[in-house]
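Enquirer: Shown below is the structure under consideration.
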Amino acid sequence: MALAIPGGSTIAPEGSRRPSAAASSPRRDFRWKQRLAPSLLSLAVVIPGAGAQSADELVRQGSALQRQGDARGAIAAFREAAAKAPGRLDVILQLSIAQMRASQPAQAAETLERGKLLAPRHPGVAYFLGLAYLESDRPEEARDELALILEQQPSNIQALHLWGVCMLRLGQMEDGIRALERVAEENPRNRQALYTLGSAYLKAGRIDHAKTLVSKELDGDQSPEALLVKGSLQLSEKRYGDALPLLERARDANPRLATVHSQIGVAYLYEGRRDRAERQFREELAINPRDFNANAFLGWLVQQSGDSEQALSLLRAAEAQQQSDLGVMYLLAQAHSSQGNWGGAAELLEAVTQAQPEFTPAHVMLARAYAKLKRTDLFRRQQQRIKELNAEQQRRDLRGVDRLYDGAVLNLPRD
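Start counting the sequence shown at 1432; every next residue gets the next number (our numbering).
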(Lines of atoms letter the chains of each structure in order from A and count residues from 1; the text may use other names and numbers.)
(Lines give C-alpha, C1' and ligand atoms only; values in the text may rest on other atoms or scores of the structure.)
Protein backbone atom coordinates (compact mmCIF):
# COMPACT_ATOMS: atom_id res chain seq x y z
CA MET A 1 0.00 0.00 0.00
CA ALA A 2 1.66 2.79 -1.03
CA LEU A 3 4.90 4.62 -1.06
CA ALA A 4 7.11 3.47 -3.84
CA ILE A 5 10.75 2.81 -3.48
CA PRO A 6 12.69 4.24 -6.33
CA GLY A 7 11.52 2.07 -9.02
CA GLY A 8 8.21 1.03 -7.86
CA SER A 9 7.83 -0.58 -4.42
CA THR A 10 5.34 0.57 -1.89
CA ILE A 11 4.61 0.93 1.76
CA ALA A 12 1.66 -1.10 2.85
CA PRO A 13 -0.14 0.81 5.56
CA GLU A 14 -2.53 -1.79 6.86
CA GLY A 15 -1.41 -4.50 9.19
CA SER A 16 0.20 -6.13 6.27
CA ARG A 17 3.21 -7.71 7.71
CA ARG A 18 5.34 -6.34 4.94
CA PRO A 19 4.61 -2.65 4.50
CA SER A 20 6.66 -1.07 1.79
CA ALA A 21 7.71 2.31 0.59
CA ALA A 22 9.99 4.62 -1.22
CA ALA A 23 10.64 8.25 -1.39
CA SER A 24 10.76 8.82 -5.10
CA SER A 25 10.94 7.06 -8.41
CA PRO A 26 14.21 7.14 -10.34
CA ARG A 27 12.42 7.85 -13.58
CA ARG A 28 10.88 11.02 -12.08
CA ASP A 29 14.00 12.66 -10.74
CA PHE A 30 17.10 12.46 -12.89
CA ARG A 31 18.82 15.48 -11.43
CA TRP A 32 19.78 13.97 -8.10
CA LYS A 33 21.21 10.93 -9.83
CA GLN A 34 23.23 13.08 -12.15
CA ARG A 35 24.70 14.86 -9.14
CA LEU A 36 25.73 11.48 -7.75
CA ALA A 37 28.50 11.14 -10.30
CA PRO A 38 29.73 14.54 -11.47
CA SER A 39 33.24 13.17 -11.87
CA LEU A 40 32.35 10.20 -14.01
CA LEU A 41 31.85 12.22 -17.15
CA SER A 42 35.33 13.66 -16.81
CA LEU A 43 36.68 10.11 -17.02
CA ALA A 44 35.46 9.79 -20.60
CA VAL A 45 38.22 8.89 -22.99
CA VAL A 46 38.41 10.53 -26.41
CA ILE A 47 39.04 8.04 -29.17
CA PRO A 48 40.27 9.96 -32.21
CA GLY A 49 37.94 9.97 -35.15
CA ALA A 50 37.14 11.86 -38.30
CA GLY A 51 35.48 15.24 -38.06
CA ALA A 52 36.56 15.88 -34.46
CA GLN A 53 36.59 19.69 -34.79
CA SER A 54 33.11 19.81 -36.31
CA ALA A 55 31.94 17.52 -33.57
CA ASP A 56 33.39 19.91 -31.01
CA GLU A 57 31.38 22.76 -32.46
CA LEU A 58 28.22 20.69 -32.33
CA VAL A 59 28.92 19.72 -28.73
CA ARG A 60 29.28 23.38 -27.78
CA GLN A 61 26.03 24.11 -29.61
CA GLY A 62 24.26 21.24 -27.84
CA SER A 63 25.52 22.41 -24.47
CA ALA A 64 24.27 25.94 -25.13
CA LEU A 65 20.85 24.68 -26.22
CA GLN A 66 20.66 22.51 -23.14
CA ARG A 67 21.37 25.51 -20.89
CA GLN A 68 18.58 27.37 -22.69
CA GLY A 69 16.13 24.55 -21.97
CA ASP A 70 15.90 23.36 -25.58
CA ALA A 71 16.15 19.63 -24.93
CA ARG A 72 15.13 18.59 -28.43
CA GLY A 73 17.65 20.90 -30.06
CA ALA A 74 20.41 19.77 -27.70
CA ILE A 75 19.76 16.12 -28.46
CA ALA A 76 19.79 16.81 -32.20
CA ALA A 77 23.13 18.62 -31.92
CA PHE A 78 24.72 15.91 -29.79
CA ARG A 79 23.37 13.19 -32.08
CA GLU A 80 24.89 14.89 -35.11
CA ALA A 81 28.17 15.25 -33.27
CA ALA A 82 28.13 11.55 -32.44
CA ALA A 83 27.46 10.71 -36.09
CA LYS A 84 30.40 12.85 -37.22
CA ALA A 85 32.73 11.42 -34.57
CA PRO A 86 31.48 7.91 -33.73
CA GLY A 87 34.64 7.19 -31.76
CA ARG A 88 34.13 10.07 -29.34
CA LEU A 89 33.05 8.55 -26.05
CA ASP A 90 32.61 11.96 -24.44
CA VAL A 91 30.07 12.90 -27.12
CA ILE A 92 28.17 9.68 -26.57
CA LEU A 93 27.98 10.44 -22.86
CA GLN A 94 26.77 13.99 -23.52
CA LEU A 95 24.06 12.69 -25.82
CA SER A 96 22.91 10.08 -23.30
CA ILE A 97 22.72 12.63 -20.50
CA ALA A 98 20.64 14.95 -22.67
CA GLN A 99 18.31 12.05 -23.49
CA MET A 100 17.86 11.18 -19.82
CA ARG A 101 17.18 14.80 -18.96
CA ALA A 102 14.48 14.72 -21.63
CA SER A 103 12.93 11.61 -20.00
CA GLN A 104 14.17 9.32 -22.76
CA PRO A 105 15.91 6.58 -20.76
CA ALA A 106 15.37 3.87 -23.37
CA GLN A 107 17.04 5.98 -26.04
CA ALA A 108 19.83 6.86 -23.61
CA ALA A 109 20.41 3.16 -22.98
CA GLU A 110 20.76 2.52 -26.72
CA THR A 111 23.24 5.38 -27.00
CA LEU A 112 25.30 4.10 -24.07
CA GLU A 113 25.30 0.56 -25.39
CA ARG A 114 27.24 1.95 -28.36
CA GLY A 115 29.60 3.58 -25.91
CA LYS A 116 30.11 0.27 -24.14
CA LEU A 117 31.34 -1.26 -27.39
CA LEU A 118 34.05 1.41 -27.46
CA ALA A 119 35.02 1.05 -23.79
CA PRO A 120 33.54 -2.13 -22.27
CA ARG A 121 34.73 -1.48 -18.71
CA HIS A 122 34.63 2.31 -18.57
CA PRO A 123 33.09 3.40 -15.23
CA GLY A 124 31.37 6.47 -16.67
CA VAL A 125 29.61 4.41 -19.32
CA ALA A 126 28.70 1.72 -16.80
CA TYR A 127 27.27 4.25 -14.35
CA PHE A 128 25.06 6.10 -16.81
CA LEU A 129 24.06 2.88 -18.57
CA GLY A 130 23.04 1.46 -15.20
CA LEU A 131 21.01 4.60 -14.53
CA ALA A 132 19.37 4.44 -17.97
CA TYR A 133 18.49 0.78 -17.46
CA LEU A 134 17.03 1.52 -14.03
CA GLU A 135 14.87 4.32 -15.41
CA SER A 136 13.76 1.99 -18.22
CA ASP A 137 12.51 -0.63 -15.74
CA ARG A 138 15.42 -2.96 -16.41
CA PRO A 139 16.79 -3.37 -12.87
CA GLU A 140 18.66 -6.62 -13.49
CA GLU A 141 20.72 -5.10 -16.27
CA ALA A 142 21.21 -1.95 -14.21
CA ARG A 143 22.48 -4.03 -11.29
CA ASP A 144 25.04 -5.75 -13.51
CA GLU A 145 26.41 -2.46 -14.86
CA LEU A 146 26.72 -0.95 -11.40
CA ALA A 147 28.33 -4.12 -10.06
CA LEU A 148 30.99 -3.65 -12.72
CA ILE A 149 31.88 -0.28 -11.21
CA LEU A 150 31.88 -1.63 -7.65
CA GLU A 151 34.15 -4.47 -8.72
CA GLN A 152 36.70 -1.90 -9.85
CA GLN A 153 35.91 0.75 -7.22
CA PRO A 154 34.42 -0.82 -4.05
CA SER A 155 34.29 2.57 -2.33
CA ASN A 156 32.28 4.26 -5.10
CA ILE A 157 29.34 5.45 -3.00
CA GLN A 158 27.46 6.89 -5.96
CA ALA A 159 27.40 3.52 -7.72
CA LEU A 160 26.60 1.75 -4.46
CA HIS A 161 23.56 4.01 -4.00
CA LEU A 162 22.06 3.06 -7.34
CA TRP A 163 23.06 -0.57 -6.87
CA GLY A 164 21.14 -0.58 -3.60
CA VAL A 165 18.08 0.83 -5.36
CA CYS A 166 18.35 -1.94 -7.95
CA MET A 167 18.41 -4.58 -5.23
CA LEU A 168 15.27 -3.11 -3.67
CA ARG A 169 13.57 -3.11 -7.06
CA LEU A 170 14.51 -6.77 -7.46
CA GLY A 171 13.03 -7.66 -4.08
CA GLN A 172 16.39 -8.35 -2.44
CA MET A 173 15.60 -6.18 0.54
CA GLU A 174 18.44 -7.10 2.87
CA ASP A 175 21.15 -6.43 0.28
CA GLY A 176 19.49 -3.17 -0.68
CA ILE A 177 19.14 -2.01 2.90
CA ARG A 178 22.76 -2.81 3.74
CA ALA A 179 23.94 -0.86 0.71
CA LEU A 180 21.81 2.17 1.58
CA GLU A 181 22.88 2.07 5.21
CA ARG A 182 26.47 2.28 4.08
CA VAL A 183 25.65 5.15 1.71
CA ALA A 184 23.88 7.05 4.50
CA GLU A 185 26.78 6.42 6.87
CA GLU A 186 29.35 7.65 4.35
CA ASN A 187 27.30 10.68 3.33
CA PRO A 188 24.65 11.65 5.92
CA ARG A 189 23.62 14.62 3.78
CA ASN A 190 22.44 12.37 0.97
CA ARG A 191 18.72 12.95 1.47
CA GLN A 192 17.60 10.63 -1.31
CA ALA A 193 19.46 7.73 0.30
CA LEU A 194 17.75 8.52 3.62
CA TYR A 195 14.30 8.67 2.03
CA THR A 196 14.82 5.38 0.25
CA LEU A 197 16.30 3.73 3.34
CA GLY A 198 13.30 4.77 5.44
CA SER A 199 10.99 3.35 2.81
CA ALA A 200 12.97 0.12 2.64
CA TYR A 201 12.79 -0.28 6.41
CA LEU A 202 9.02 -0.01 6.21
CA LYS A 203 8.75 -2.49 3.40
CA ALA A 204 10.90 -4.97 5.32
CA GLY A 205 8.72 -4.54 8.40
CA ARG A 206 11.44 -2.79 10.38
CA ILE A 207 9.10 -0.20 11.80
CA ASP A 208 11.38 0.64 14.73
CA HIS A 209 14.28 1.32 12.37
CA ALA A 210 12.04 3.55 10.26
CA LYS A 211 10.88 5.45 13.36
CA THR A 212 14.46 6.01 14.47
CA LEU A 213 15.50 7.26 11.05
CA VAL A 214 12.52 9.61 10.82
CA SER A 215 13.17 10.94 14.33
CA LYS A 216 16.89 11.49 13.84
CA GLU A 217 17.12 12.48 10.19
CA LEU A 218 13.73 13.57 8.85
CA ASP A 219 12.03 15.26 11.78
CA GLY A 220 12.38 18.78 10.42
CA ASP A 221 12.40 17.81 6.75
CA GLN A 222 9.34 19.22 4.98
CA SER A 223 10.22 18.03 1.48
CA PRO A 224 7.54 16.05 -0.39
CA GLU A 225 9.68 12.91 -0.16
CA ALA A 226 10.11 13.21 3.59
CA LEU A 227 6.42 13.90 4.09
CA LEU A 228 5.62 10.83 2.04
CA VAL A 229 7.87 8.65 4.20
CA LYS A 230 6.46 10.10 7.41
CA GLY A 231 2.88 9.75 6.21
CA SER A 232 3.51 6.16 5.16
CA LEU A 233 4.93 5.43 8.59
CA GLN A 234 1.63 6.64 10.06
CA LEU A 235 -0.24 4.38 7.66
CA SER A 236 1.82 1.39 8.74
CA GLU A 237 0.55 2.07 12.26
CA LYS A 238 -3.07 2.44 11.03
CA ARG A 239 -3.12 6.11 12.04
CA TYR A 240 -4.99 7.17 8.93
CA GLY A 241 -6.19 10.50 10.27
CA ASP A 242 -2.64 11.51 11.14
CA ALA A 243 -1.27 10.23 7.84
CA LEU A 244 -3.64 12.13 5.55
CA PRO A 245 -2.43 15.70 6.26
CA LEU A 246 1.19 14.67 5.69
CA LEU A 247 0.40 12.83 2.48
CA GLU A 248 -1.82 15.60 1.15
CA ARG A 249 0.92 18.14 1.77
CA ALA A 250 3.35 15.92 -0.13
CA ARG A 251 0.89 15.64 -3.01
CA ASP A 252 0.25 19.39 -3.10
CA ALA A 253 3.98 20.07 -3.22
CA ASN A 254 4.62 17.49 -5.93
CA PRO A 255 1.50 15.98 -7.56
CA ARG A 256 3.66 13.63 -9.64
CA LEU A 257 5.58 12.16 -6.74
CA ALA A 258 5.47 8.39 -7.14
CA THR A 259 2.87 6.60 -4.98
CA VAL A 260 1.65 9.67 -3.12
CA HIS A 261 -1.83 9.36 -4.67
CA SER A 262 -1.85 5.64 -3.95
CA GLN A 263 -0.99 6.25 -0.29
CA ILE A 264 -3.70 8.86 0.05
CA GLY A 265 -6.13 6.42 -1.55
CA VAL A 266 -5.27 3.82 1.06
CA ALA A 267 -5.90 6.28 3.89
CA TYR A 268 -9.24 7.29 2.38
CA LEU A 269 -10.23 3.67 1.88
CA TYR A 270 -9.71 2.72 5.49
CA GLU A 271 -11.59 5.80 6.61
CA GLY A 272 -14.56 4.62 4.56
CA ARG A 273 -14.29 7.24 1.81
CA ARG A 274 -14.28 4.86 -1.10
CA ASP A 275 -15.15 7.35 -3.86
CA ARG A 276 -12.20 9.54 -2.91
CA ALA A 277 -9.97 6.49 -2.61
CA GLU A 278 -10.92 5.33 -6.10
CA ARG A 279 -10.10 8.74 -7.57
CA GLN A 280 -6.70 8.71 -5.94
CA PHE A 281 -5.90 5.23 -7.21
CA ARG A 282 -6.88 6.26 -10.73
CA GLU A 283 -4.73 9.37 -10.49
CA GLU A 284 -1.80 7.23 -9.40
CA LEU A 285 -2.25 4.89 -12.36
CA ALA A 286 -2.38 7.85 -14.74
CA ILE A 287 1.13 8.71 -13.50
CA ASN A 288 2.46 5.21 -12.94
CA PRO A 289 0.41 2.39 -14.51
CA ARG A 290 2.61 -0.18 -12.77
CA ASP A 291 1.81 0.92 -9.22
CA PHE A 292 1.08 -2.32 -7.40
CA ASN A 293 -1.19 -1.00 -4.67
CA ALA A 294 -3.26 1.22 -6.93
CA ASN A 295 -3.93 -1.73 -9.24
CA ALA A 296 -4.71 -4.12 -6.39
CA PHE A 297 -6.95 -1.83 -4.37
CA LEU A 298 -8.73 -0.38 -7.37
CA GLY A 299 -9.24 -3.93 -8.64
CA TRP A 300 -10.87 -4.80 -5.34
CA LEU A 301 -13.11 -1.71 -5.46
CA VAL A 302 -14.36 -2.27 -9.00
CA GLN A 303 -14.93 -5.95 -8.25
CA GLN A 304 -17.11 -4.90 -5.32
CA SER A 305 -19.02 -2.69 -7.77
CA GLY A 306 -19.63 -5.67 -10.05
CA ASP A 307 -17.18 -4.88 -12.84
CA SER A 308 -15.31 -8.17 -13.02
CA GLU A 309 -13.73 -7.45 -16.40
CA GLN A 310 -12.05 -4.28 -15.22
CA ALA A 311 -11.14 -5.96 -11.94
CA LEU A 312 -9.38 -8.78 -13.77
CA SER A 313 -7.39 -6.31 -15.86
CA LEU A 314 -6.26 -4.34 -12.81
CA LEU A 315 -5.52 -7.39 -10.70
CA ARG A 316 -3.52 -9.01 -13.46
CA ALA A 317 -1.44 -5.84 -13.65
CA ALA A 318 -0.80 -6.15 -9.92
CA GLU A 319 -0.03 -9.85 -10.27
CA ALA A 320 2.57 -9.07 -12.92
CA GLN A 321 4.46 -7.11 -10.26
CA GLN A 322 4.04 -9.64 -7.44
CA GLN A 323 3.15 -13.04 -8.81
CA SER A 324 3.15 -14.75 -5.42
CA ASP A 325 1.10 -12.16 -3.53
CA LEU A 326 -1.67 -14.08 -1.78
CA GLY A 327 -3.95 -11.07 -1.47
CA VAL A 328 -4.01 -10.54 -5.23
CA MET A 329 -4.53 -14.26 -5.81
CA TYR A 330 -7.55 -14.16 -3.51
CA LEU A 331 -8.99 -11.13 -5.30
CA LEU A 332 -8.41 -12.73 -8.68
CA ALA A 333 -10.31 -15.78 -7.45
CA GLN A 334 -13.23 -13.51 -6.53
CA ALA A 335 -13.22 -12.01 -10.03
CA HIS A 336 -13.05 -15.44 -11.66
CA SER A 337 -15.91 -16.67 -9.47
CA SER A 338 -18.03 -13.69 -10.53
CA GLN A 339 -17.53 -14.72 -14.15
CA GLY A 340 -18.29 -18.38 -13.48
CA ASN A 341 -14.69 -19.50 -13.99
CA TRP A 342 -14.77 -21.89 -11.06
CA GLY A 343 -11.79 -23.92 -12.22
CA GLY A 344 -9.56 -20.85 -12.34
CA ALA A 345 -10.89 -19.70 -8.97
CA ALA A 346 -10.30 -23.10 -7.37
CA GLU A 347 -6.69 -23.23 -8.55
CA LEU A 348 -5.95 -19.85 -7.00
CA LEU A 349 -7.81 -20.59 -3.78
CA GLU A 350 -5.99 -23.87 -3.30
CA ALA A 351 -2.73 -21.95 -3.27
CA VAL A 352 -4.12 -19.34 -0.87
CA THR A 353 -5.50 -21.86 1.61
CA GLN A 354 -2.30 -23.87 1.54
CA ALA A 355 -0.25 -20.78 2.41
CA GLN A 356 -2.84 -19.31 4.83
CA PRO A 357 -4.71 -22.33 6.23
CA GLU A 358 -6.58 -20.25 8.83
CA PHE A 359 -8.06 -17.77 6.36
CA THR A 360 -11.70 -18.79 6.50
CA PRO A 361 -13.04 -16.65 3.59
CA ALA A 362 -10.79 -18.47 1.13
CA HIS A 363 -12.05 -21.84 2.38
CA VAL A 364 -15.64 -20.62 2.01
CA MET A 365 -15.08 -19.56 -1.57
CA LEU A 366 -13.14 -22.73 -2.34
CA ALA A 367 -15.98 -24.87 -0.99
CA ARG A 368 -18.37 -23.05 -3.30
CA ALA A 369 -16.04 -23.58 -6.26
CA TYR A 370 -15.81 -27.31 -5.53
CA ALA A 371 -19.60 -27.48 -5.31
CA LYS A 372 -19.95 -25.78 -8.69
CA LEU A 373 -17.34 -28.15 -10.14
CA LYS A 374 -19.17 -31.13 -8.58
CA ARG A 375 -16.07 -32.23 -6.68
CA THR A 376 -18.10 -33.66 -3.83
CA ASP A 377 -15.33 -35.11 -1.67
CA LEU A 378 -13.30 -31.91 -1.81
CA PHE A 379 -16.41 -29.88 -1.08
CA ARG A 380 -17.15 -31.90 2.05
CA ARG A 381 -13.54 -31.61 3.19
CA GLN A 382 -13.75 -27.84 2.92
CA GLN A 383 -17.03 -27.82 4.85
CA GLN A 384 -15.37 -29.68 7.70
CA ARG A 385 -12.40 -27.34 7.67
CA ILE A 386 -14.71 -24.34 7.86
CA LYS A 387 -16.48 -25.79 10.88
CA GLU A 388 -13.14 -26.30 12.61
CA LEU A 389 -12.04 -22.76 11.89
CA ASN A 390 -15.31 -21.30 13.12
CA ALA A 391 -15.01 -23.26 16.31
CA GLU A 392 -11.48 -21.97 16.80
CA GLN A 393 -12.29 -18.37 16.03
CA GLN A 394 -15.87 -17.28 16.53
CA ARG A 395 -15.23 -13.75 15.36
CA ARG A 396 -14.93 -14.92 11.79
CA ASP A 397 -18.06 -14.82 9.70
CA LEU A 398 -18.81 -16.97 6.66
CA ARG A 399 -19.68 -13.75 4.88
CA GLY A 400 -16.04 -12.84 5.23
CA VAL A 401 -15.66 -13.65 1.56
CA ASP A 402 -16.78 -10.05 1.04
CA ARG A 403 -14.60 -8.58 3.74
CA LEU A 404 -12.36 -5.61 3.14
CA TYR A 405 -8.99 -6.45 1.65
CA ASP A 406 -7.23 -5.28 4.79
CA GLY A 407 -4.20 -7.46 5.19
CA ALA A 408 -5.20 -8.81 8.60
CA VAL A 409 -4.76 -12.35 7.32
CA LEU A 410 -3.41 -12.16 3.81
CA ASN A 411 -0.18 -10.57 2.70
CA LEU A 412 -1.53 -7.36 1.26
CA PRO A 413 -0.56 -5.27 -1.75
CA ARG A 414 3.00 -4.14 -1.81
CA ASP A 415 5.32 -3.13 -4.57
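Every residue, glycine too, gets a C-beta built ideally from N, C-alpha and C.
Output the distance between the C-alpha atoms of Y1671 and E1715, rounded to the nearest integer angstrom.
Expert: Position 240 of the sequence shown, counted from the first residue, corresponds to residue 1671. Position 284 of the sequence shown, counted from the first residue, corresponds to residue 1715. Approximately 19 Å, taken between the alpha carbons.
Enquirer: If you compare alpha carbons, which of E1789, A1786 and A1764 is closest to E1778?
Expert: The residue you call residue 1778 lines up with position 347 of the sequence shown. Closest option to E1778, Cα to Cα, is A1764.
Enquirer: How about L1560 and A1578: are their beta carbons less than 8 Å apart?
Expert: Within the sequence shown, residue 1560 is the residue found at index 129, counting from 1. Within the sequence shown, residue 1578 is the residue found at index 147, counting from 1. Cβ atoms of L1560 and A1578: not closer than 8 Å.
Enquirer: Quick test of the definition: if touching needs 3 or more C-beta pairs under 8 Å, does the region 1496–1511 touch the region 1529–1539?
Expert: The region 1496–1511 vs the region 1529–1539: in contact.
Enquirer: For Q1584, is the classification buried or exposed, using 16 other Cβ atoms within 10 angstroms of its Cβ as the cut-off for buried?
Expert: Position 153 of the sequence shown, counted from the start, is the residue given in the question as residue 1584. By the 10 Å Cβ count, Q1584 comes out exposed.
Enquirer: Straight-line CA distance for Y1558 to D1673?
Expert: Looking up residue 1558 in the sequence shown gives position 127. Looking up residue 1673 in the sequence shown gives position 242. Going from the Cα of Y1558 to the Cα of D1673 covers about 40 Å.
Enquirer: Secondary structure at R1532, three-state DSSP: helix, strand or coil?
Expert: Residue 1532 sits at position 101 when you count from the first residue of the sequence shown. Three-state DSSP puts R1532 in a helix.
Enquirer: Let's test the definition: count the other Cβ atoms within 10 Å of the Cβ of K1661 and tell me whether it reaches 16, buried, or not, exposed.
Expert: As a working mapping, residue 1661 is identified with position 230 in the sequence shown. Flag for K1661 reads buried.
Enquirer: Indicate the three-state DSSP secondary structure (helix, strand or coil) for R1806 in the structure shown.
Expert: Here residue 1806 refers to the residue found at position 375 of the sequence shown. Looking at R1806 - three-state DSSP - the assignment turns out to be coil, as it is neither helix nor strand.
Enquirer: Starting from L1601, follow the alpha helix (DSSP H) in both directions and report where the run begins and ends.
Expert: Here residue 1601 refers to the residue found at position 170 of the sequence shown. Where L1601 is concerned, there is no enclosing alpha helix (DSSP H), given that its DSSP letter is neither H nor E.
Enquirer: DSSP on R1545, reduced to helix/strand/coil?
Expert: Here residue 1545 is taken as the residue at index 114 of the sequence shown, counted from 1. Helix at R1545.
Enquirer: With a threshold of 16 other CB atoms inside 10 Å of the CB of E1709, please say whether the residue is buried or exposed.
Expert: Taking the first residue of the sequence shown as 1, we reach residue 1709 at position 278. Buried, since its Cβ has 16 or more Cβ neighbours within 10 Å.
Enquirer: Mind checking which residues open and close the alpha helix (DSSP H) that includes L1678?
Expert: Here residue 1678 refers to the residue found at position 247 when the sequence shown is read from its first residue. Where L1678 is concerned, the enclosing alpha helix (DSSP H) stretches over Y1671 to A1684.
Enquirer: Using the Cα positions of Q1415 and M1760, report the straight-line distance between them to the nearest angstrom.
Expert: A question about residue 1415 goes unanswered here, because the residues of the chain that appear run from 1432 up to 1846.
Enquirer: Checking 8 Å against the spacing of the C-beta atoms, do G1555 and Q1525 come in under that value?
Expert: For the purposes of this step, residue 1555 is taken as residue 124 along the sequence shown, with counting starting at 1. For the purposes of this step, residue 1525 is taken as residue 94 along the sequence shown, with counting starting at 1. The answer is no: Cβ separation not under 8 Å.
Enquirer: Put R1613 into one of helix, strand or coil per three-state DSSP.
Expert: Counting from 1 along the sequence shown, the entry for residue 1613 is found at position 182. In the structure shown, R1613 sits in a helix (DSSP, three-state: H, G or I).
Enquirer: What is the rounded straight-line gap between the Cα of T1643 and the Cα of Q1603?
Expert: On the sequence shown, position 212 is the one that residue 1643 refers to. On the sequence shown, position 172 is the one that residue 1603 refers to. Spanning the two alpha carbons is a distance of roughly 22 Å.
Enquirer: I need the DSSP call for R1816, collapsed to helix, strand or coil.
Expert: Locating residue 1816 in the sequence shown gives position 385, counting from the first residue. Three-state result, R1816: helix.
Enquirer: Quick one: complete beta strand (DSSP E) runs, 3+ long, within the region 1703–1773?
Expert: DSSP runs (the beta strand (DSSP E)) wholly in the region 1703–1773: none.
Enquirer: With DSSP run on the structure shown, which of helix, strand or coil describes R1510?
Expert: Here residue 1510 refers to the residue found at position 79 when the sequence shown is read from its first residue. In the structure shown, R1510 sits in a helix (DSSP, three-state: H, G or I).
Enquirer: Would you call the CB atoms of R1721 and Q1752 closer than 8 Å?
Expert: Your numbering for residue 1721 matches position 290 in the sequence shown. Your numbering for residue 1752 matches position 321 in the sequence shown. Yes. Within cutoff.
Enquirer: Closer than 7 Å by C-beta to I1588: which residues in its own chain qualify, once you throw out the five before and the five after it? Chain order, please.
Expert: Stepping through the sequence shown from its first residue, residue 1588 is reached at position 157. Here the set comprises V1614, E1617 and N1618.
Enquirer: Can you tell me whether K1515 is buried or exposed? The criterion is at least 16 other CB atoms within 10 Å of its CB, across all chains shown.
Expert: Counting from 1 along the sequence shown, the entry for residue 1515 is found at position 84. When all chains shown are included, K1515 counts as buried.
Enquirer: Quick check: the Cα distance between P1469 and G1504, rounded to an integer number of angstroms?
Expert: By 1-based counting over the sequence shown, the position of residue 1469 is 38. By 1-based counting over the sequence shown, the position of residue 1504 is 73. The predicted model places P1469 with a pLDDT of 42, which falls under 50 and marks its position as unreliable; any figure quoted below should be read in that light. Taking the straight line from one Cα to the other gives about 23 Å.
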